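**Student:** Sending over a structure as structure tokens; questions will come in a sec.
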Amino acid sequence: MKRITLIRHGVTEANLKKFYAGATDLPLAPEGERQAEALAERVKAMRPDKILSSPLKRAQDTAKIATHGINLDIELDNNLREVDFGKWENKSYSELVRDYKQEVDRWFSWDPDFGFPDGESYEGFSKRVRGVMEMIVNEEADSLIVFTHGGVIGHLMCLVLDLGFQNQFSLLLPPASFVMLEQNNGALQLKQSRWETGRGN
Numbered sequence: 055m056k057r058i059t060l061i062r063h064g065v066t067e068a069n070l071k072k073f074y075a076g077a078t079d080l081p082l083a084p085e086g087e088r089q090a091e092a093l094a095e096r097v098k099a100m101r102p103d104k105i106l107s108s109p110l111k112r113a114q115d116t117a118k119i120a121t122h123g124i125n126l127d128i129e130l131d132n133n134l135r136e137v138d139f140g141k142w143e144n145k146s147y148s149e150l151v152r153d154y155k156q157e158v159d160r161w162f163s164w165d166p167d168f169g170f171p172d173g174e175s176y177e178g179f180s181k182r183v184r185g186v187m188e189m190i191v192n193e194e195a196d197s198l199i200v201f202t203h204g205g206v207i208g209h210l211m212c213l214v215l216d217l218g219f220q221n222q223f224s225l226l227l228p229p230a231s232f233v234m235l236e237q238n239n240g241a242l243q244l245k246q247s248r249w250e251t252g253r254g255n
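The opening residue of the sequence shown carries number 55 in the numbering used here; numbering runs sequentially from there.
Okay, here's the thing in structure tokens:
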């Protein structure tokens, strides 16, 4: 039986200020570093065989802190990056509703033809995350830990739970929280979720 643990990075200043930051390469806030440190004991107990991370700094730094003392390299995978919000990067929800009301409505209704202005399309993001799903299913490690982002994890959980992608907003994990999956006979099942090390949003 294979176990896959998906961990969202620790909190950033954008999280604390409630700004959308997808492709923006932000570091962890001091609180996020403490959250990653609080993850370390739990991650060690998972006895990972392989560790993957998004290349974005907030995910990499969470991985480095949380896996300190574990003698494994952290492998980077570009498909684990957060969605690129384009012109919406580093803007608040209220700013988006004010300036892009129609587009925001399409976003939250999961219009399959929607794309973030000058950013990533839903179709492109979904294709990328489906690639992550395929990689996870085919991975040979018995205990795989993946450090990534809220949007990626939410999209993956919709695939695992066979839900419409509009449900990913209700599946958003707080920073430094995780979901644990088990694979039996090729099928992924949710085992545990939303263990929190600290404040999230």
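Beta carbons are placed, not taken as given, at the ideal position from N, Cα and C, and that holds for glycine.
None of these values were measured; they are calculated from a predicted model.
Output needed for Trp-161: all residues of its chain with C-beta closer than 7 Å, excluding positions within five of it in sequence on either side, in chain order.
**Tutor:** Phe-168
**Student:** Go to Met-211, then tell me how far its alpha helix (DSSP H) extends in each direction, as first and last residue.
**Tutor:** 204 to 215
**Student:** How many angstroms separate the CA atom of Pro-23 from the CA atom of Gly-208?
**Tutor:** One cannot answer for residue 23 here, as it falls past the ends of the chain, which runs 55 to 255.
**Student:** Tell me, please, whether the stretch 71 to 82 touches the stretch 137 to 144 by the rule of three or more beta-carbon pairs shorter than 8 Å.
**Tutor:** yes
**Student:** Should the stretch 85 to 92 be called in touch with the stretch 100 to 109, which here means at least 3 C-beta pairs below 8 Å?
**Tutor:** no
**Student:** Within 8 Å, do at least three Cβ pairs link the stretch 117 to 131 to the stretch 151 to 165?
**Tutor:** no
**Student:** Less than 6 Å between C-beta atoms, sequence neighbours within five positions excluded: which residues of the same chain meet that for His-63?
**Tutor:** Arg-112, Ala-113, Thr-116
**Student:** If you run the structure through DSSP and keep just helix, strand and coil, what is Phe-170?
**Tutor:** Correct three-state label for Phe-170: coil.
**Student:** Excluding the 5 residues preceding and the 5 following Asp-127 in the sequence, name in chain order all residues of the same chain whose CB lies nearer than 8 Å to its CB.
**Tutor:** For Asp-127, where only same-chain residues beyond five positions count, the Cβ hits under 8 Å are Ile-105.
**Student:** Suppose you measure from the CA of Glu-136 to the CA of Phe-170; what does that come to, to the nearest Å?
**Tutor:** 13 Å
**Student:** Taking 8 Å as the cut-off, is the C-beta of Gly-169 nearer than that to any heavy atom in the ligand ZN?
**Tutor:** Ligands in the displayed structure: none, and consequently the ligand ZN is not present.
**Student:** Taking C-beta to C-beta, are Val-65 and Leu-134 nearer than 9 Å?
**Tutor:** no
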